[in-house]
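So the sequences go chain by chain: X and H.
So for the first sequence, this note's numbering puts the first residue at 1; every next one is plus one.
So for the second sequence, this note's numbering puts the first residue at 1001; every next one is plus one.
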Amino acid sequence: MSVFLERWERFWFAPISPHVYALLRMAFGLVGCGTLFGLRDLPTFWFLDGLVPLHLGAVGPKQYLITHGLGHAAGAALYVVTSVSFVAMTIGVQTRMAVPAALFASLTQVAWNYLPLSGADAAMRVFLFCLVWSDSGSVWSVDAWSAARRNVAGPPTVVERSSFAPLRLIRFQVALIYLNAGMWKIFNPYWRNGSAVHYVVQSNIYRRLPHGMPLGFDHVVSLLTYGTLAWELSFAFLLLFARTRRIALVAGILIHLGMLLTIEVGPFHFIMLASYLAFLEPDAVPQLSHRLMTLLGRPPSVPARLETAANQ
Amino acid sequence: MYVQAGLRQKWNMFSNPVTSDQYVRVVYYVTSREAGRVRVFRELALPGQPEDRARLAHMFRDKAILNSLEALVVDRLEHPEAERFADLDPIAAFFSNRFRAAYLTPYEAITRTEIWFGVAQTPPTGERLTDLQLHERWALLRRYRDGPIDVPPPITPPQLGALQGESDIVWRLEYAQNK
């Protein structure tokens, strides 16, 4: 029993490098900023006389704001607050507040106007919900940089290791998204007869190119239908072993990049690809940064401070 | 609480692929106090980008329209007895306001707004539309892109569910609001 409890404890709460959380924070933040840039048309998406449902979500407050002539001001304020929270999260300013603020702003946006939002935004919200439980601002953030500047004469700052739990939650969340998507698809006849991807890439709503996919590619498209279904259904199980995990993730990257080139579905591929960072080996992430800086010809003068902390 | 906070999860994207191209047009009935006659204008709302060119950017407005239509479908299934659904109100209000600001004088008013949902069947695997069919449809869509089309007013306004054909697009009246 104690072995089980010990494994359980280690699985969820083993201390890991916080760099992976910082990386996820920046990646999710960038996708959030990009989405908000796409939604910058305030009169259309944020003002209450725009493309905004008044009969759903926060109906009372919306009616109150309209009655008092505050529909535009409130919409603009919500956009500014949401943008500020995502920018602060990305660069790591007041990170402990910025990440929950970005989550709260995203949830408020659903109540305000869910219409322009898609699965990408739903994914963003559930990933942020996992990320709020981590300390994602202790490294690679303005917070960490300013703390180091303040402490320039003192002893080297020791970066505390974080709990594995939020990272595990993000990994489970990614697996759940694909498994759930695969289960929905398997009940549809077009996915079972191999024609689903054909209809998606030919649709005038999704296709990137005017003619969709050429006729000669229909067999490939059929193969892609079954391949996507198999990959989504098996993704969660492939994650269980290190070797198959790599296959699942590489296939995922290829599928998302392929879809990015052929169909237009907004920021969904970006948020999913960003979530793959959660599968990096946490303690290898500081080394990745070290290698990257060396490659760029700017080797860090001080080796990752985390290692110092871990070895103490 | 997790769900109520807005974290409900439903990952059914592309689980039920649509087997037709989709369009939405908004029709305005405009009455002029000076001329005392009704004019009818049609405007294409969806898709927001020309489909005879490559699309690089995401159009959030298109997503908003598609989400409204999906909400209408769900509402109709869940409340078959309801006489009116508000799901398309945002589309009607937004496009009417925009049309009024861009094209109408202070002496003109929109007296009726209609929203038509159009579909053009996607050929199954192994088939494609001919160039002729495709170019005929694109020619129609290009006319819409030049701005709202002035069309002769009908003798009586159509009822919900009415059908119309244009090129290979079949339009169905989904929403009508008189003022």
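Every residue gets a Cβ at the ideal spot worked out from N, C-alpha and C, and that includes glycine.
Bear in mind the structure is a predicted one, so any value in this text is a computation, not a measurement.
- Assignment of residue 9 (chain X) by DSSP, reduced to helix, strand and coil, places it in the helix class.
- The criterion of a C-beta distance shorter than 8 Å is satisfied by residue 1044 (chain H) and residue 1141 (chain H).
- With fewer than 16 other Cβ atoms from the protein chains shown falling within 10 Å of its own Cβ, residue 293 (chain X) counts as exposed.
- No beta strand (DSSP E) of 3 residues or more sits fully in the segment 169-194 of chain X.
- Scanning its chain for C-beta atoms nearer than 7 Å, with the 5 sequence neighbours on each side dropped, one finds around residue 1052 (chain H) the residues 1138, in chain order.
- Closest in alpha carbon position to residue 1159 (chain H), among H:1074, H:1007, H:1079, H:1113, is H:1113.
- For the 8 Å CB-CB criterion, residue 266 (chain X) and residue 1135 (chain H) do not form a contact.
- Per DSSP, the unbroken alpha helix (DSSP H) holding residue 1097 (chain H) starts and ends at 1089-1103.
- For the segment 194-212 of chain X, the beta-carbon criterion of a distance under 9 Å to any beta-carbon of chain H is satisfied by 194, 195, 196, 197, 198, 199, 200, 202, 203, 204, 205, 206, 207, 208, 209, 210, 211, 212.
- By the C-beta density criterion, residue 1063 (chain H) is buried, having at least 16 other C-beta atoms within 10 angstroms.
- Under the 8 Å criterion on CB atoms, residue 217 (chain X) is classed as non-interfacial with respect to chain H.
- Within the segment 51-71 of chain X, 51, 52, 53, 54, 55, 56, 57 place their CB atoms closer than 9 Å to a CB of chain H, listed in sequence order.
- For the segment 1084-1099 of chain H, the set of positions with a beta-carbon nearer than 8 Å to some beta-carbon of chain X reads 1086, 1087, 1089, 1090, 1091, 1093, 1094, 1097 in chain order.
- Cβ contact annotation for residue 1108 (chain H) (same chain, cutoff 6 Å, sequence separation greater than five): 1030, 1032, in chain order.
- Using a 10 angstroms sphere on the CB of residue 62 (chain X), the tally of other CB atoms reaches 16 or more, which defines it as buried.
- In the DSSP assignment, residue 1178 (chain H) falls within the unbroken beta strand (DSSP E) covering 1169-1178.
- Ranking X:8, X:9, X:14, X:20 by CA distance to the CA of residue 288 (chain X) puts X:20 first.
- No Cβ of chain X is located within less than 8 Å of the beta carbon of residue 1001 (chain H).
- Runs of the alpha helix (DSSP H) lying entirely within the segment 226-294 of chain X, each at least 4 residues long, are 242-262, 268-275 in chain order.
- Taking a Cβ-Cβ cut-off of 9 Å, residue 170 (chain X) has no neighbours in chain H, whose nearest Cβ is about 14 Å from it.
- Not one beta carbon of chain X lies nearer than 8 Å to the beta carbon of residue 1133 (chain H).
- In the assembly as shown, residue 1080 (chain H) is an exposed residue. Its beta-carbon has fewer than 16 other beta-carbons within 10 Å.
- Residue 1122 (chain H) has a beta carbon lying within less than 8 Å of a beta carbon in chain X.
- Annotation for residue 1141 (chain H): the continuous alpha helix (DSSP H) segment containing it runs 1131-1145.
- Annotation: the segment 53-103 of chain X contains the following complete segments of the alpha helix (DSSP H) (minimum length 4 residues), in chain order: 59-67, 71-91.
- When DSSP states are grouped into helix, strand and coil, residue 1065 (chain H) belongs to the helix group.
- Taking the Cα positions, residue 90 (chain X) is about 14 Å away from residue 271 (chain X).
- Counting along the chain, residue 128 (chain X) sits inside the alpha helix (DSSP H) bounded by residues 119-131.
- In the three-state reduction of the DSSP assignment, residue 1125 (chain H) falls in the coil class.
- Residues of the same chain with a CB within less than 8 Å of the CB of residue 106 (chain X), apart from the 5 flanking positions on each side, are 32, 82, 121, 124, 125, 128 in chain order.
- The Cβ atoms of residue 171 (chain X) and residue 279 (chain X) lie closer than 8 Å to each other.
- By the neighbour-count definition (other C-beta atoms within 10 Å, threshold 16), residue 218 (chain X) is a buried residue.
- In this structure, residue 177 (chain X) and residue 229 (chain X) do not form a Cβ contact; the two beta carbons are roughly 15 Å apart against a cut-off of 8 Å.
- Legend: CB atoms of the segment 1051-1080 of chain H lying less than 9 Å from CB atoms of chain X belong to residues 1051, 1052, 1053, 1054, 1055, 1056, 1057, 1058, 1059, 1060, 1061, 1062, 1063, 1064, 1065, 1066, 1067, 1068, 1071.
- Nearest neighbour of residue 166 (chain X) by Cα position, chosen from X:117, X:240, X:24, turns out to be X:24.
- Within the segment 13-29 of chain X, no residue places its CB atom closer than 7 Å to a CB of chain H.
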